[in-house]
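Q: This is the structure, below, for whatever I ask next.
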Amino acid sequence: MTLKPCLVCGEPSAKSRCPEHRPTKPPREQRGYDYRWQQLSRRARRLQPFCTDCGSTEDLQADHKPEAWERKANGLPIRLRDIEIRCGKCNRKAGAARGNAVTRGNAPKALSAPPIGKARGAMNLTGVNT
Numbered sequence: 001m002t003l004k005p006c007l008v009c010g011e012p013s014a015k016s017r018c019p020e021h022r023p024t025k026p027p028r029e030q031r032g033y034d035y036r037w038q039q040l041s042r043r044a045r046r047l048q049p050f051c052t053d054c055g056s057t058e059d060l061q062a063d064h065k066p067e068a069w070e071r072k073a074n075g076l077p078i079r080l081r082d083i084e085i086r087c088g089k090c091n092r093k094a095g096a097a098r099g100n101a102v103t104r105g106n107a108p109k110a111l112s113a114p115p116i117g118k119a120r121g122a123m124n125l126t127g128v129n130t
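Just so you know, the sequence shown maps onto residues 1 to 130 in full-length UniProt numbering.
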């Protein structure tokens, strides 16, 4: 097995990051994707085999509405009316549009400051005198 340097500290590792610098991710069940969710997702995709937003029939996913996470946080089951069927692309777009909306039973994400530092990549300076 070939070792490569950790992306963070440079120590040899079998993966991109050494065990110390690997991001920790809670198990699927703790993130709200338990057996009950899998069954509901399959049922919803069977009943509606197309994306709500664009009509695609590829890469269908069940998307939690904010109400679904509220119900889950209150110990109530998620219902069919608490989810939308979307293709992967539309699901990611909808999730990004929700921004600070409550997701996965967590509190809203904290507002982060814009990154500080040098821009990485070309800047469009058309029409600007430099």
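Here a beta-carbon is modelled for each residue, glycine too, at the ideal position from N, C-alpha and C.
Spatial neighbours of P5 within its chain, please: C-beta separation below 8 Å, excluding the five flanking residues on both sides.
A: Excluding positions up to five away in sequence, the list reads E11, P12, S13.
Q: Please determine, among K25, P66, L47, the residue with the shortest C-alpha to C-alpha distance to T57.
A: Answer by Cα proximity: L47.
Q: Based on the DSSP secondary-structure assignment, which residues constitute the bridge partners of K4?
A: According to DSSP, which records beta bridges pairwise, K4 is partnered with S13.
Q: Report yes or no: do the stretch 29 to 40 and the stretch 78 to 95 share at least 3 C-beta pairs separated by less than 8 Å?
A: Touching, yes.
Q: Can you tell me which residues form a DSSP beta bridge with L60?
A: Answer by DSSP bridge pairing, in chain order: C87.
Q: Quick one: Cα of C90 to Cα of R71, how far?
A: Near 23 Å, if we compare the C-alpha coordinates of R71 and C90.
Q: Measuring CA to CA, which of A62, I78, A73 is closest to A94?
A: A94 has its Cα closest to that of A62, out of A62, I78, A73.
Q: Is Q39 helix, strand or coil by DSSP?
A: The answer is helix: DSSP assigns Q39 an H, G or I state.
Q: According to DSSP, is P27 part of a helix, a strand, or is it coil?
A: Looking at P27 - three-state DSSP - the assignment turns out to be coil, as it is neither helix nor strand.
Q: On the DSSP letters alone, give me the boundaries of the alpha helix (DSSP H) that K65 sits inside.
A: Counting along the chain, K65 falls outside any alpha helix (DSSP H), and DSSP gives it neither H nor E.
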